[in-house]
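K.L.:
Number of protein chains: 2
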Amino acid sequence: MIRPNRSINLAVAQMGPVNLADEKDTVVSRLIEMMEEAKARSCDFVLYPELALTTFFPRYWVPEIAEMDKYFESEMPNERVAPLFEAARKHGIGFYLGYAELTAEGRRFNSSIIVNKAGSIIGKYRKIHLPGHSEYRQDREFQHLEKRYFQVGDLGFGVSELMGAKIGMGLCNDRRWAETYRVMALQSADLILFGYNTPAMNQNAVEEPHLKMFHNLLSIQAGAYQNSVWVAAAAKSGSEDGYRLIGGSAIVAPTGEVVAKAHTQEDEVINAVIDLSLGDYLKEHIFNFDEHRRPEHYQLIVDRTGRGAPESPPEEFIAPEQIGPV
Amino acid sequence: MIRPNRSINLAVAQMGPVNLADEKDTVVSRLIEMMEEAKARSCDFVLYPELALTTFFPRYWVPEIAEMDKYFESEMPNERVAPLFEAARKHGIGFYLGYAELTAEGRRFNSSIIVNKAGSIIGKYRKIHLPGHSEYRQDREFQHLEKRYFQVGDLGFGVSELMGAKIGMGLCNDRRWAETYRVMALQSADLILFGYNTPAMNQNAVEEPHLKMFHNLLSIQAGAYQNSVWVAAAAKSGSEDGYRLIGGSAIVAPTGEVVAKAHTQEDEVINAVIDLSLGDYLKEHIFNFDEHRRPEHYQLIVDRTGRGAPESPPEEFIAPEQIGPV
Numbered sequence: 001m002i003r004p005n006r007s008i009n010l011a012v013a014q015m016g017p018v019n020l021a022d023e024k025d026t027v028v029s030r031l032i033e034m035m036e037e038a039k040a041r042s043c044d045f046v047l048y049p050e051l052a053l054t055t056f057f058p059r060y061w062v063p064e065i066a067e068m069d070k071y072f073e074s075e076m077p078n079e080r081v082a083p084l085f086e087a088a089r090k091h092g093i094g095f096y097l098g099y100a101e102l103t104a105e106g107r108r109f110n111s112s113i114i115v116n117k118a119g120s121i122i123g124k125y126r127k128i129h130l131p132g133h134s135e136y137r138q139d140r141e142f143q144h145l146e147k148r149y150f151q152v153g154d155l156g157f158g159v160s161e162l163m164g165a166k167i168g169m170g171l172c173n174d175r176r177w178a179e180t181y182r183v184m185a186l187q188s189a190d191l192i193l194f195g196y197n198t199p200a201m202n203q204n205a206v207e208e209p210h211l212k213m214f215h216n217l218l219s220i221q222a223g224a225y226q227n228s229v230w231v232a233a234a235a236k237s238g239s240e241d242g243y244r245l246i247g248g249s250a251i252v253a254p255t256g257e258v259v260a261k262a263h264t265q266e267d268e269v270i271n272a273v274i275d276l277s278l279g280d281y282l283k284e285h286i287f288n289f290d291e292h293r294r295p296e297h298y299q300l301i302v303d304r305t306g307r308g309a310p311e312s313p314p315e316e317f318i319a320p321e322q323i324g325p326v
Numbered sequence: 001m002i003r004p005n006r007s008i009n010l011a012v013a014q015m016g017p018v019n020l021a022d023e024k025d026t027v028v029s030r031l032i033e034m035m036e037e038a039k040a041r042s043c044d045f046v047l048y049p050e051l052a053l054t055t056f057f058p059r060y061w062v063p064e065i066a067e068m069d070k071y072f073e074s075e076m077p078n079e080r081v082a083p084l085f086e087a088a089r090k091h092g093i094g095f096y097l098g099y100a101e102l103t104a105e106g107r108r109f110n111s112s113i114i115v116n117k118a119g120s121i122i123g124k125y126r127k128i129h130l131p132g133h134s135e136y137r138q139d140r141e142f143q144h145l146e147k148r149y150f151q152v153g154d155l156g157f158g159v160s161e162l163m164g165a166k167i168g169m170g171l172c173n174d175r176r177w178a179e180t181y182r183v184m185a186l187q188s189a190d191l192i193l194f195g196y197n198t199p200a201m202n203q204n205a206v207e208e209p210h211l212k213m214f215h216n217l218l219s220i221q222a223g224a225y226q227n228s229v230w231v232a233a234a235a236k237s238g239s240e241d242g243y244r245l246i247g248g249s250a251i252v253a254p255t256g257e258v259v260a261k262a263h264t265q266e267d268e269v270i271n272a273v274i275d276l277s278l279g280d281y282l283k284e285h286i287f288n289f290d291e292h293r294r295p296e297h298y299q300l301i302v303d304r305t306g307r308g309a310p311e312s313p314p315e316e317f318i319a320p321e322q323i324g325p326v
């Protein structure tokens, strides 16, 4: 079946670098160019990266956070990104876009929106798993200041309905946390979208650099398989003013198999016709949550944040005659 | 550093098939032979599979569950397995062993014990994620009756302290569920052990058989990486009376890398000196739970068992001006 009944022709638009000097207008033009490529391939939807309109500015420390205002959007859509929304309407293609959000109350989030083919925003996400730190760290060769420039997201892990699919929204570091996928799968997500900016070099100086790509793929492949969902992830890649980002944008099936993968460090569109029913056999058997999950044994996941002491086992768990040398 | 300060020379004893006709004495001799091989390699500990003393009997349906009593142990240790405990004391090697447990009250569990080098049982686990079904299924070519022969474990996901490590205990299907690893990691597990019996063919007739091994490795690699722990898994493999089991026993580092892997379908010992400190850099940075986890957004993991409707987003999440065509 070339086009299964419940299917989406999904495009992932990996971006090459966005440098400090790049104007947002230019960036929006690049996004539109990739949407046109997606249109030429009959795609229904385009996934763009996290903070797609700017360089990954959390790598830079500035004493006054307001100095970063120019990288934030105080409304969405706005004049600069309007052409992208117009292109969506013109081509009948929805999209997912990450950007820095500054609210009217002065709150800052690492956010994303999901937009339908009529150019209407139908869902919004504010990043929950912010990595890095909030102050300048003299002990670090690389700064990663997401905790300085953004507040923790307050909208939960949302699932939006579009194109006959339930679509979960996440950003970057969220994809490494199993809870992200599970909370979305428990809302019947069929497809989970991530945009990301992953530095090729960071504080883990003891770690071999090739593991960055392995960890990227391992996380999204396991999240897909263990939740019987499609996962797609779009990177910003290449060298932003000398700071390398990994690419490796990918579309992963509910089996955990990579079905499309970017292989450049530039603007690059990959796509796949994804059958939303493909994970059904997994949802009915091995990952039938109703049959097999045991939430009564998962309580620590919400009761604890960090690593703590082992729980005491139930008193009767080892009868006295079972202890000691035989 | 050939032998890091906090290290264990860990052996994983994969087993070839155990057929219906095999006596437990014979099986125990095989386990001891593998312990002796581990001793020759200066190992500290041996990991054995799930239901290591018998064939994987949940593939067979019998009308009266009591007909399966011969596959269960009503005490542990007992006369038949005593030689294994004696070997542990003699060689100064601890072990993890899966077996079918029948309690004095007539309850049945798919259980495992962890035993120190003095031959004393120091921890016990009863399998929580039982796969399969509880009744004969005429629609199925293969029966998988774990839910018939076993109750759901009632001891939680325990962590035992041994050899300077905090060791989590799981069995088979547990390794596919992200909650298993997380609940143990939240108790500061350094190392998580699984025994397993995974049929090479089962109900997922639509799935390519090679995916079985991929899913096995994907699950334990992701569990290791995302929790910064070592994971080891021991299979029963080969053809048990014509029913094929996958092998693929492995030791996986906190980076997610496979550092040792079985490659036969027979009794086979693999081992690795594992540095318990290897995951520290991950625990301090990317997977610093205290810094980065957000349990306030994970509540559905314990509030829901199965897949349900999407949660309503907070009312303010899309301001009216953000909805609709631009």
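Chains as they are written, first to last, in full-length UniProt numbering: chain A, 1 to 326; chain S, 1 to 326.
Using N, Cα and C, we set each Cβ at its ideal position, and we do this for glycine too.
Remember, predicted model here, so these are calculated numbers, not experimental data.
Please report the distance separating the alpha-carbon of M76 (chain S) from that of I113 (chain S).
P.N.:
9 Å
K.L.:
Near E208 (chain S), which residues of its chain fall below 8 Å by C-beta distance, leaving aside the five closest residues on each side in sequence?
P.N.:
none
K.L.:
Enumerate in chain order the residues of its own chain whose CB-to-CB distance from C43 (chain S) is below 6 Å, with the five nearest sequence positions on each side excluded.
P.N.:
N9, A11 and N271
K.L.:
Assuming H91 (chain S) contacts R294 (chain A) under a Cβ cut-off of 8 Å, what Cβ separation, rounded to an integer in Å, is found between them?
P.N.:
Their Cβ separation, rounded to whole angstroms, is 36 Å, which puts H91 (chain S) and R294 (chain A) out of contact at 8 Å.
K.L.:
What residues in its chain sit with their C-beta under 6 Å from that of S160 (chain A), if we drop five residues either side in the sequence?
P.N.:
I114, I122, G123 and I167
K.L.:
Are the C-beta atoms of D22 (chain A) and some chain S residue less than 7 Å apart?
P.N.:
no
K.L.:
Using the three-state DSSP reduction, which class does Y48 (chain S) fall into: helix, strand or coil?
P.N.:
coil
K.L.:
What does E207 (chain A) touch in chain S if you count any residue whose Cβ is under 8 Å from its own?
P.N.:
T255 and Y281
K.L.:
How big is the Cα-Cα spacing for A262 (chain A) and E257 (chain S)?
P.N.:
23 Å
K.L.:
Using Cβ-Cβ distances below 8 Å, what residues of the segment 263-287 of chain A are close to chain S?
P.N.:
Y281, L282, K283, H285, I286 and F287
K.L.:
Do the CB positions of I274 (chain S) and V229 (chain S) come within less than 7 Å of each other?
P.N.:
no
K.L.:
Find out if the Cβ-Cβ distance for the pair E50 (chain A), G98 (chain A) is shorter than 7 Å.
P.N.:
Yes; because the gap between Cβ atoms is below 7 Å, this pair is in contact.
K.L.:
Since E146 (chain S) meets chain A, which of its residues come closer than 8 Å, beta carbon to beta carbon?
P.N.:
Result: empty, since nearest Cβ-Cβ is about 10 Å, beyond 8 Å.
K.L.:
Which residue wins for smallest C-alpha separation from Y96 (chain S), given the options S:E296, S:Q187 and S:A235?
P.N.:
Residue S:A235 is the option with its Cα nearest to Y96 (chain S).
K.L.:
Which same chain residues, not among the five before or five after L282 (chain S), have their C-beta less than 8 Å away from its C-beta?
P.N.:
Only Y225, S228, P254 and T255 meet the Cβ criterion.
K.L.:
Which term fits P320 (chain A), buried or exposed, when burial requires 16 or more other beta carbons within 10 angstroms of its beta carbon?
P.N.:
Residue confidence for P320 (chain A) is low, a pLDDT of 44 falling below 50, so the modelled location carries little weight; the figure read from the coordinates is stated next. That one is exposed.
K.L.:
Are the C-beta atoms of D190 (chain A) and some chain S residue less than 7 Å apart?
P.N.:
no
K.L.:
What's the gap between the Cα of S111 (chain S) and the Cα of E105 (chain S)?
P.N.:
16 Å
K.L.:
Tell me which same chain residues have a C-beta within less than 6 Å of the C-beta of E266 (chain A), skipping the five on either side of it?
P.N.:
G16
K.L.:
Which residues does DSSP list as the beta-bridge partners of V152 (chain S)?
P.N.:
In DSSP, V152 (chain S) forms no bridge with anything.
K.L.:
Ordered along the chain, which non-local residues of its own chain (more than five positions away) have a Cβ less than 6 Å from that of F150 (chain S)?
P.N.:
Residues R108, F109, N110 and L130 of the same chain have their beta carbon placed closer than 6 Å to that of F150 (chain S), with the five preceding and five following residues left out of the count.
K.L.:
Who are the near neighbours of residue 332 (chain A) in its chain, counting only those whose CB is closer than 6 Å to its CB and skipping five residues on each side?
P.N.:
Only positions 1 to 326 of chain A appear in the structure, and residue 332 (chain A) is not among them; the question remains open.
K.L.:
Do P83 (chain S) and V18 (chain S) have their C-beta atoms within less than 7 Å of each other?
P.N.:
No; because the gap between Cβ atoms is not below 7 Å, this pair is not in contact.
K.L.:
What residues are listed by DSSP as bridge partners for K212 (chain S)?
P.N.:
Paired residue(s): none; K212 (chain S) is not in a bridge.
K.L.:
Can you look up E67 (chain S) in the DSSP assignment and give me helix, strand or coil?
P.N.:
helix
K.L.:
Considering only the beta carbon of each residue, do V259 (chain S) and I246 (chain S) sit closer than 7 Å?
P.N.:
no
K.L.:
Here's the rule I'm using: 16 or more other beta-carbon atoms within 10 Å means buried, otherwise exposed. How should S219 (chain S) be labelled?
P.N.:
Looking at its Cβ environment, which holds 16 or more other Cβ atoms inside 10 Å, S219 (chain S) is buried.
K.L.:
Quick one: what's got a C-beta closer than 7 Å to G279 (chain S)'s C-beta in the same chain, skipping five residues either side?
P.N.:
S228, V229 and P254
K.L.:
Anything in chain A within Cβ reach of A309 (chain S), meaning under 8 Å, just list it in chain order.
P.N.:
Q187 and S188
K.L.:
If I follow the unbroken beta strand (DSSP E) through M169 (chain A), where does it start and stop?
P.N.:
A165 to L171 is the extent of the beta strand (DSSP E) around M169 (chain A).
K.L.:
For D25 (chain A), which residues of its own chain have a beta-carbon under 7 Å away from its beta-carbon, when the five flanking residues on both sides are left out?
P.N.:
Hits under 7 Å: R80.
K.L.:
How big is the Cα-Cα spacing for F194 (chain A) and Y71 (chain A)?
P.N.:
20 Å
K.L.:
Please state whether the Cβ-Cβ distance between S134 (chain S) and K117 (chain S) is less than 7 Å.
P.N.:
no
K.L.:
Just by C-beta distance, which residues in the segment 61-91 of chain A are closer than 8 Å to chain S?
P.N.:
The segment 61-91 of chain A vs chain S, Cβ under 8 Å: E75, M76, P77, A82, F85, E86 and R89.
K.L.:
Given that K166 (chain A) touches chain S, what residues does it touch there, using C-beta distances under 8 Å?
P.N.:
P310
K.L.:
With a cut-off of 7 Å, does the C-beta of G225 (chain S) fall near any C-beta of chain A?
P.N.:
The sequence given here places Tyr at residue 225 (chain S); Gly does not occur at that position. Yes, because at least one Cβ of chain A sits closer than 7 Å to the Cβ of Y225 (chain S).
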